[in-house]
Amino acid sequence: MNSSNGNGSMSTASSSGAWDGRDQFPAGLRVLVVDDDPTCLMIFEKMLKTCLYQVTKCNKAETALSVLREHKNGFDIVISDVHMPDMDGFELLKHIDSEMDLPVILISADATKQIVMKGVTYGACDYLIKPVRIETLKNIWQHVVRKKARNTLLEIKY
Amino acid sequence: MDLVHLQRQLVDYRTSLYHEGFLDEQFTQLQSLQDENNPDFVVEVVSLFFEDSERLLNELSKALEQQIIDFKRMDAQVHQLKGSSSSIGAHRVQKLCIVFRNYCEAQNVEGCLKCLQQVKHEYGIIKTKLESMFQLEQQILNAGGSIPV
Numbered sequence: 001m002n003s004s005n006g007n008g009s010m011s012t013a014s015s016s017g018a019w020d021g022r023d024q025f026p027a028g029l030r031v032l033v034v035d036d037d038p039t040c041l042m043i044f045e046k047m048l049k050t051c052l053y054q055v056t057k058c059n060k061a062e063t064a065l066s067v068l069r070e071h072k073n074g075f076d077i078v079i080s081d082v083h084m085p086d087m088d089g090f091e092l093l094k095h096i097d098s099e100m101d102l103p104v105i106l107i108s109a110d111a112t113k114q115i116v117m118k119g120v121t122y123g124a125c126d127y128l129i130k131p132v133r134i135e136t137l138k139n140i141w142q143h144v145v146r147k148k149a150r151n152t153l154l155e156i157k158y
Numbered sequence: 001m002d003l004v005h006l007q008r009q010l011v012d013y014r015t016s017l018y019h020e021g022f023l024d025e026q027f028t029q030l031q032s033l034q035d036e037n038n039p040d041f042v043v044e045v046v047s048l049f050f051e052d053s054e055r056l057l058n059e060l061s062k063a064l065e066q067q068i069i070d071f072k073r074m075d076a077q078v079h080q081l082k083g084s085s086s087s088i089g090a091h092r093v094q095k096l097c098i099v100f101r102n103y104c105e106a107q108n109v110e111g112c113l114k115c116l117q118q119v120k121h122e123y124g125i126i127k128t129k130l131e132s133m134f135q136l137e138q139q140i141l142n143a144g145g146s147i148p149v
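Protein chains in written order, with full-length UniProt numbering: chain A, 1 to 158; chain B, 1 to 149.
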């Protein structure tokens, strides 16, 4: 697993809610990106860093899960490839959904309606088709805000 | 050759790669990610792509030589090649991967063999062309010039 942000180390200081209160919003968004393809992983990392996000990259779903468990509230959003050898994106999504309250974006080179439908029904907040453009990644912060807003509404209701 | 000529040669060469469908817009995305902090980004990503693709192509060759062919595994590998080639803008390779996957799904050995040959061929071409382009870029840099966008 490679971890990289501005200081070259894992940042665990921020707690949830701190990110969107900062001045340079949405810069500093804490993203975990998972893809077993090294070329794609390198490109995603560069694109996300260009968006001024804080990026941690993993090439295995299992590793990603450990990282998420070890650093509760250390991330704002997860981006994961669907087709990975050890655990696929759908399974990772199910784990994240049951253990943490994080928005998950699925990515794949597969664009069939069935698989996109599967992603959405499993609870992915978005499904992107490779090749992903940087313009698309610039907007992912909206998923984080939307989820928080929805959670707040639910809290008020109940 | 003087600097201006080298730069013009590079621009012409790059344009031809797009016109002839070897590269697509995604390669332009990669170039726009390169900056002073990461001046070798494109070369690094493309080198990674070459390394990984060669591994995949070797595994696909081996898979098709087996008595019992694991089409599912092959499909996953072609899928990965499709993803990575699309991410760097290697247009022709990406298009061939789509056809290749159809043959894997149909468990058509002949079709797969033919496709693999075609993918290897196109991969070889794009590799040579990109390496030539990088060489031209290096010549320009060595001559003290900058790479035209």
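Where a beta carbon is used, it is the ideal one built from N, C-alpha and C, also for glycine.
With a threshold of 16 other CB atoms inside 10 Å of the CB of residue i, please say whether the residue is buried or exposed.
i              : result
P103 (chain A) : buried
H5 (chain B)   : exposed
S85 (chain B)  : buried
V46 (chain B)  : buried
S87 (chain B)  : buried
H91 (chain B)  : buried
Y158 (chain A) : exposed
R101 (chain B) : buried
H121 (chain B) : exposed
S66 (chain A)  : exposed
T56 (chain A)  : buried
L3 (chain B)   : exposed
T12 (chain A)  : Below a pLDDT of 50, predicted positions are generally treated as unreliable, and T12 (chain A), at 38, falls in that range; no measurement from the model is reported.
E25 (chain B)  : exposed
Just list the residues that DSSP pairs residue i with in beta bridges.
i              : result
D35 (chain B)  : B:N38
R30 (chain A)  : A:Q54
A90 (chain B)  : B:L23
I107 (chain A) : A:D81, A:L128
Can you give me the Cβ contacts of residue i inside the same chain, cut-off strictly under 6 Å, excluding the 5 residues immediately before and after it?
i             : result
C51 (chain A) : L137, K138
F71 (chain B) : C104, Q107
F75 (chain A) : R30, L32
Within its chain, find whatever has a CB closer than 7 Å to the CB of residue i; leave out the 5 residues flanking it on each side and keep chain order.
i              : result
D97 (chain A)  : G123
S61 (chain B)  : L116
V120 (chain A) : Y127
K148 (chain A) : none
If residue i and residue j are in contact, beta carbons under 8 Å, what's the gap, nearest whole angstrom?
i              : j              : result
L33 (chain B)  : F41 (chain B)  : 6 Å
L17 (chain B)  : T39 (chain A)  : About 18 Å; that fails the 8 Å criterion.
D81 (chain A)  : H79 (chain B)  : Between H79 (chain B) and D81 (chain A) the Cβ distance is about 10 Å, and since that is not below 8 Å, they are no contact.
I140 (chain A) : I77 (chain A)  : 6 Å
K130 (chain A) : I107 (chain A) : 6 Å
Quick one: residues in its chain with C-beta nearer than 8 Å to the C-beta of residue i, no 5 flanking neighbours on either side, listed in chain order?
i              : result
K62 (chain A)  : According to the sequence provided, residue 62 (chain A) is Glu. The question's Lys does not apply to it. Within the same chain, E62 (chain A) has close Cβ partners D86, M87.
I134 (chain A) : M47, T50, C51
Q66 (chain B)  : none
Q28 (chain B)  : According to the sequence as given, residue 28 (chain B) is Thr; it is not Gln. Result list for T28 (chain B): G89, in chain order.
Does the CB of residue i have a neighbour CB from chain A at under 8 Å?
i                     : result
N38 (chain B)         : yes
G83 (chain B)         : yes
residue 227 (chain B) : Here chain B has residues from 1 to 149 only, and residue 227 (chain B) is not among them.
I126 (chain B)        : no
I147 (chain B)        : no
Q80 (chain B)         : yes
A106 (chain B)        : no
F41 (chain B)         : yes
A76 (chain B)         : yes
For chain B, check one thing: does any of its Cβ atoms lie closer than 8 Å to the Cβ of residue i?
i              : result
A111 (chain A) : no
I105 (chain A) : no
C40 (chain A)  : yes
I134 (chain A) : yes
T121 (chain A) : no
K130 (chain A) : yes
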